[in-house]
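Structure first, then comments.
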Amino acid sequence: MDQPYTCNLSDIKVTSWNVRGLRKLIKLKQTLSRIKQLKSKIVFLQETHLTDCELKSVRNRWPGQVIHASYNNYARGVIILIHRSIPFQLMKIIKDPAGKYIITQGTILSITLNLVSLYGPNENKPKFFEDLFLTISALQGLYIIGGDFNCTLNPSIDRSTGSDAYKAQTRRLINQFILDINLVEVWRELNPDKIEFSCHSSIHKSRSRIDYFLVSRELLSRIKQCQYDSIVISDHAAVSLSIHLGKFIHNPPHWRLQTKWLQNPEFVKFIEVNIENYFELNTDQTSASVRWEGFKAYIRGEILSFTSTKNKQQRKRMETLDKRIKSLELELNVSDDSTKQSELLSLRTEYNKLSSDAAAKSLMWLKQSYYDQGEKAGRLLAWRIKKMQSERAINSIKTSSGNVTVDPLEINDSFREFYEKLYKSECAQTSEEQDIFLDQLQFQTLTENTKQELDRRLTIEEISQAIKSINSGKTPGPDGFPIEFYKTFQDKLLIPLFNMYEEAYQNGALPPTLRQAMITLILKPGKPPAERSSYRPISLMSVDTKILCKVLARRLDPYISHLVHNDQNGFVPKRQGFHNIRRVLNIIHEKFDAKDTALLSLDARQAFDRIEWSYLFTVLPRYGLGNNFLKWVKLLYTNPKANVLTNNIVSNPITLERSTRQGCPLSPMLFILAIEPLAMTIRMRTDIFGVQLGDQEHRLALYADDLIVFMTRLSISIPKLIQQMEVFGQFSGYNINDSKSSILFLNKDERLNPIMQTPFINAKEGFVYLGVKITPNIDTIVATNYDPLISEVEESLNKWMTMPISVIGRINMIKMNILPKFLYLFQSLPLPLPKEFFDKLNGIFNRFIWNNKKPRLRLRLLYLPYDRGGLQLPNLRLYYWAAQLRSAMFYFSTETPPAWLQIEQTSVTNLQLNLYLYSASLNNLKKMTNNPFLKNTIDIWYKAHQYMGDKSSISRFTPIWGNICFKAGRADGGFKIWADKGVQKVADLYKDGSFLTFDQLCRIYGIPKKHFFKYLQVKHFIMSKYKQIVSEPPLSHLENVILQMPVGRGHISSVYTALLTHDKESAIDKLDAWRADIQEEIQEVDWETACLKAQRQSINTRMKLLQYKWLMRTYITPVKLNRWSPVIPDSCSKCLDGKGTLLHCVWSCPKLQQYWVSITQTLSKIVGASIPVEAKLCVLGIYPKNCDFSIRQIKLIDFGLLQARRLISLYWKKMDVPSSHMWVKEMASCIALERLTYIVRGKGAYFEEIWLPLIEFLRHYEVN
């Protein structure tokens, strides 16, 4: 292997300095001389006061790169100077148009850096820093941020007066962002107690330290010193740091196809032609594997050729446009000219269109993300990605020698050594102990038909379905081709792929690139980051390998539940982890304080990574998997290799000899098949004693590798279990980590004074299992789990409070970050919550949504779906109900019941749980069982029925025998005979919806003829409850939902939706107010359409919120202000005449009437149809019945009217009104961002169809 390129760089001095103007040549010379004297190689300058035209004087005198952001007059201005001796490769520049900051992204060798020079505002403007930090948080790489922040971070020691209350909000915000994106203020970190100042104000007679360097904490170990120099030339001191970059591997750039090119029709056609040409020229001269490997290399070269050519052409045209735009801007700064205004608008439109086709790293794509997703989750998503990236950087690691290293090369070498050892087999190929162990087990096996189905020949259709089923947006493997490439060109790639797979199967080996993988590392939650074992290795396989794995996984998936006992709930269809938790809770409850009883939670060392292949391929045939299927699986595990990626450094390859690779679609199923023999042995052994409940013995539960064992007679069971684990581990690789495994004795005295010594942790207060804290007392488990979560949520929402996110954005933050955490506990803990629980959460949500201001809309309205006037804020109470009701669904299921259901069934007598629900009143039902989980489910069941308006006193599931409400059925043993013969519930008395006659009942069920009186009794009972017996009682709303759902996923959402449908809240009061204002009838169906359209007519969330606020009447009008304070006039601020009601401020004001007429006339020209000037349409978006617009016209009209409303909102407090010219500019500015989003969503052609009339209009538009 070729040696990677390395370079040894000595310390680099980086300086930041507010120079207070460089317009005078002598000052510039002084400054550059000072920089030379300081030996600075990277320099951040602030307040240069230079315009673009004047930068030439700096370029002529600085030997290297000059990157700047200027303002349009002689003020502000920032510069980054990079000396030519620094091998800085520029990637991206982001300029502040106000000249307050510049962001330069680039690399020095293999390190991606974001250099930021900033000049903070003199005023208290926290929004400046919010926008800046949110922008840089979306950039990959490490940060060096230097500049004059104009704000002390700790006034008590950073200001001579000892205080600075003026910028308290800005200070808090900066300090919070420092924490959030893992920055450190270097000088203070190195000098925690030292007092020194960087700025002297002769006017205010004060000194302060307001010039800083903020750097990524990962860089701190590389910084040798940081100091302030003398205050000379300027009234600010230069602050400098020395950073040592050391030796770095310069890996060749890892090529990856940017999926945006797949939205380019020209590119797609180009690739299609090249694919056809390649496979036409390369037919049978070489093997299918060689052809495939050659194809990937060939097409990669063609892609590089195409994209580089296009990028060059595009850059040249954009540079020409940029120069002309800048020239026009300078000319217009001197004198206004309508012709030049029109030309400038046209050029900007063309420039934006070109920039939408630029590289994905372009700033326009970042803007698109903000435009499309910024108020959904986009801004927050970039934020989270940045935080995740921070966390994934590995700054230090403990090597095998026990030393801690911070050197990236040594870190990578250490991980390579670790994984080389981990993946090296420790077992012989054959093992007598293994055969003895496996021979004693009775495996579940596939039927002969199923075996043949698995063994059948690979088909092209299977490959196609596998490609479609793999999620897009995933990181590609080492070859750089993402799944989107295969989805786009699958018609042309399916046959070559199929031929390659078939040939590899025959030869017993995959092509080399299909055997390669890249191991990336993710720190496990709560694990120490300096330990190599704390990281979860994820194998990034090439997509062509993943497709084959997916084919095999899709074949095996339908049968895995037959092969694996229902104790295993991980990676098995229709099984979930909450089954295990509910089972654990039931056992703890039933055996509360039981002696000589314990739960053992076992932690396996790198369970997936240690599975021995010799064992795996001995076990798999015992399940009846056919030889052909096994040969495909073995193909994937023949001579695989992997490189380890850490801190952008790629190791030399290692050979894998064991493991089921995490990241492979097939691996989870292979792992649970490999671990199942251990579970079978624990169930089978007579010297390991489980927990007996009724006629069922509970021994263990599994979720993939998470194993929990239920035991009694501990002095016998525990030693035998440990012995069994050791035997199994000798040949399988499975190894228990005693120091991380926990034992919970159920008896209180035994927890304090264990009856025996074990190598496991004595979990006196409980242990964490599948993310839930299990405590020995059920009464404490709710507080133990929910209290920390509520505190965490409140802290997070308070931290996010100051973020510039709107109401919809905040609701989406709750959906994305808060709801899943509660939902998991709702499912896992089927216990009642405190009365104040939801009220407390609602208060927290309300404060966050309205940013600690008075709510303008009631929370219950926000819960509703869009068409009913809501914003789909999660209603946690209903989600909690839905989670409990989803568990009740298993009462009605005909599938094999989960183990917890069998325990809860034993807590009631005689009746199945689905019948027990209807056998008595709610109070009696809860009295007749002592199981708290069943009690809670019953309670929610009845509350949900009441909430949904189900008032029937009888159900199809109402039992006959054992029904407290049916006296005869309760006391007469004859009805027990009916139940034994199949007449258990009311539904059994009906056939095809009709009540059975007594003769039919006797014939169908074998009911004795002498039971006619009983027949009359039950008939009378139904009549008394249902008032008739002709037709079968209908299913309740809740029963309909529960019975129509198969066992699986997505049920909580279905139940939640059904519950929300019956919420009595509505926005009709808002509709009535509009009816009164407009004095025109508005149908409810039109109102619902308008509410729904408010959330769908624009891809931009702020636009959605704008229309929503209009519909919900949340704007503060002069009339409202006058009502709050009579000194404020209630008249319109624009016409100064009419009363400032909402309708007047948005519609009937004479000045606004002129505006609306102008907008509708212009929009009519664009769409080529007459648009009526009506309040219902312009204000509410409801079209008159006689309008006949096409769908495309409606889309453009809706968007145009929405922009018109937006301008009114922007001018809400102003005395003048917006103009139609402003509206045109707003429409023009949206085109590029809209187009980008259409491209991202694969609808580029559709964009042209909708927006072409506007584009044509702008080409001929003239500014009046």
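Going by full-length UniProt numbering, the residue at position 575 of the sequence shown is 575; the numbering climbs one at a time, nothing skipped.
We put the CB at the ideal spot given by N, CA and C, even for glycine.
A quick note: this is a predicted structure, and the numbers were derived from the prediction, not measured.
Could you check whether the segment 272–280 touches the segment 293–300, counting it as contact only if at least three pairs of C-beta atoms, one from each stretch, sit closer than 8 Å?
The segment 272–280 is in contact with the segment 293–300.
First and last residue of the uninterrupted alpha helix (DSSP H) at V572:
For V572, no alpha helix (DSSP H) encloses it, and the DSSP letter there is neither H nor E.
DSSP three-state call for C199: helix, strand or coil?
Here C199 sits in strand by DSSP.
From the DSSP secondary-structure annotation, give me the bridge partner or partners of Y990.
According to DSSP, which records beta bridges pairwise, Y990 is partnered with F995.
Are at least three pairs of beta-carbons, each pair with one atom in the segment 71–90 and one in the segment 115–122, less than 8 Å apart?
The segment 71–90 makes contact with the segment 115–122: 3 or more CB pairs, one atom from each, lie closer than 8 Å.
Between which two residues does the beta strand (DSSP E) harbouring D148 extend?
Secondary structure note for D148: its beta strand (DSSP E) is the uninterrupted segment L142 to D148.
Can you give the Cα-Cα distance for S907 and V584, rounded to whole angstroms?
Between S907 and V584, the C-alpha separation is close to 16 Å.
Would you list the one or two residues that DSSP bridges to G64?
BP columns for G64 point to H83.
Thinking just about the alpha-carbon of each residue, which of L1001, K1025 and G949 is nearest to the one in H1037?
Among L1001, K1025 and G949, the Cα nearest to that of H1037 belongs to G949.
Three-way DSSP call (helix, strand, coil) for I385 in this model
Confidence at I385 is low in this model, with a pLDDT of 33, below 50, so its placement is unreliable and no value can be given for it.
With a 10 Å radius around its C-beta and 16 neighbouring C-beta atoms as the bar for buried, classify F848 as buried or exposed.
Around the beta carbon of F848, 16 or more other beta carbons sit within 10 angstroms, so the residue counts as buried.
Have a look at Q576 and N569 and give me their C-alpha separation to the nearest angstrom.
Using only the alpha carbons, I get a separation of about 5 Å.
Whole angstroms are fine: how far does the CA of P640 sit from the CA of S614?
The alpha-carbon atoms of S614 and P640 are separated by roughly 15 Å.
Since N851 and M801 should fall inside the 8 Å C-beta cutoff, what is the C-beta to C-beta distance between them, to a whole number of angstroms?
Yes, N851 and M801 are in contact; Cβ-Cβ is about 6 Å, under 8 Å.
Rounded to whole angstroms, what is the Cα-Cα separation between F826 and Q506?
Distance between the alpha carbons of F826 and Q506 is about 51 Å.
Going by the DSSP bridge assignment, what does F279 pair with across the sheet?
Per DSSP, none; premise fails for F279.
Which of helix, strand or coil DSSP assigns to D706
In this structure, D706 counts as strand in the three-state DSSP scheme.
Can you tell me where the alpha helix (DSSP H) holding K1243 begins and where it ends?
DSSP places K1243 outside any alpha helix (DSSP H), giving it a letter other than H or E.
For F629, I'd like the list of residues in its chain whose CB is within less than 6 Å of its CB, leaving aside the five on either flank, ordered along the chain.
In its chain, beyond the 5 residues on either side, L454 and D455 have a beta carbon closer than 6 Å to the beta carbon of F629.
In angstroms with no decimal places, state the Cα-to-Cα distance between I12 and I35.
Between I12 and I35, the alpha-carbon positions lie close to 13 Å from each other.
I need the straight-line Cα distance from T475 to Q662, nearest angstrom please.
If I take the Cα positions, the gap works out to 14 Å.
From the DSSP output, in three-state form, read off P865 for me.
Coil.
F966 by DSSP, collapsed to three states: which one?
F966 falls in the coil class under three-state DSSP.
6 Å CB neighbourhood of R683 in its chain, flanking five on each side removed:
For R683, where only same-chain residues beyond five positions count, the Cβ hits under 6 Å are R699.
Give me the Cβ distance between F1189 and I1197, rounded to the nearest whole Å; I'm assuming they're in contact under 8 Å.
Taking a contact as a CB-CB distance under 8 Å, the pair F1189 and I1197 counts as one, their CB atoms being some 7 Å apart.
At which residues does the alpha helix (DSSP H) containing N652 begin and terminate?
Counted as a single uninterrupted DSSP element, the stretch harbouring N652 is not any alpha helix (DSSP H), since DSSP gives it neither H nor E.
Drop a sphere of 10 angstroms on the beta-carbon of T15, count the other beta-carbons inside from all chains shown, and report buried for 16 or more, exposed for fewer.
Flag for T15 reads buried.
Starting from D787 and walking both ways along the alpha helix (DSSP H), at which residues does that stretch end?
I778 to W800 is the span of the alpha helix (DSSP H), which, as asked, contains D787.
Quick one: residues in its chain with C-beta nearer than 7 Å to the C-beta of R76, no 5 flanking neighbours on either side, listed in chain order?
The residues are E47, A98, G99, K100 and Y119.
Is the number of C-beta pairs between the segment 580–598 and the segment 700–719 that are closer than 8 Å three or more?
The segment 580–598, when compared against the segment 700–719, does touch it at the 8 Å Cβ threshold.
Can you tell me whether C53 is buried or exposed? The criterion is at least 16 other CB atoms within 10 Å of its CB, across all chains shown.
The residue in question, C53, is exposed, as its Cβ has fewer than 16 Cβ neighbours within 10 Å.
Look at the alpha carbon of I1255 and the alpha carbon of C1187, and state the distance between them as a whole number of angstroms.
The straight-line gap separating the alpha-carbon atoms of I1255 and C1187 is approximately 24 Å.
Does DSSP classify I1078 as helix, strand or coil?
I1078 carries a helical assignment under DSSP once its states are collapsed to helix, strand and coil.
Where L651 falls, given that 16 or more other Cβ within 10 Å makes a residue buried:
Checking the sequence shown, residue 651 turns out to be Ser, not Leu. S651 sits buried, since 16 or more C-beta atoms from the chains shown fall within 10 Å of its C-beta.
Same chain, Cβ closer than 6 Å to K991, five either side skipped, listed in chain order
The answer is none, since no qualifying residue turns up.
State the CB to CB distance for the pair L245 and R222, rounded to an integer number of angstroms; the pair is presumed to be in contact (CB under 8 Å).
For a cut-off of 8 Å, the C-beta gap from L245 to R222 is around 7 Å, short enough to register as a contact.
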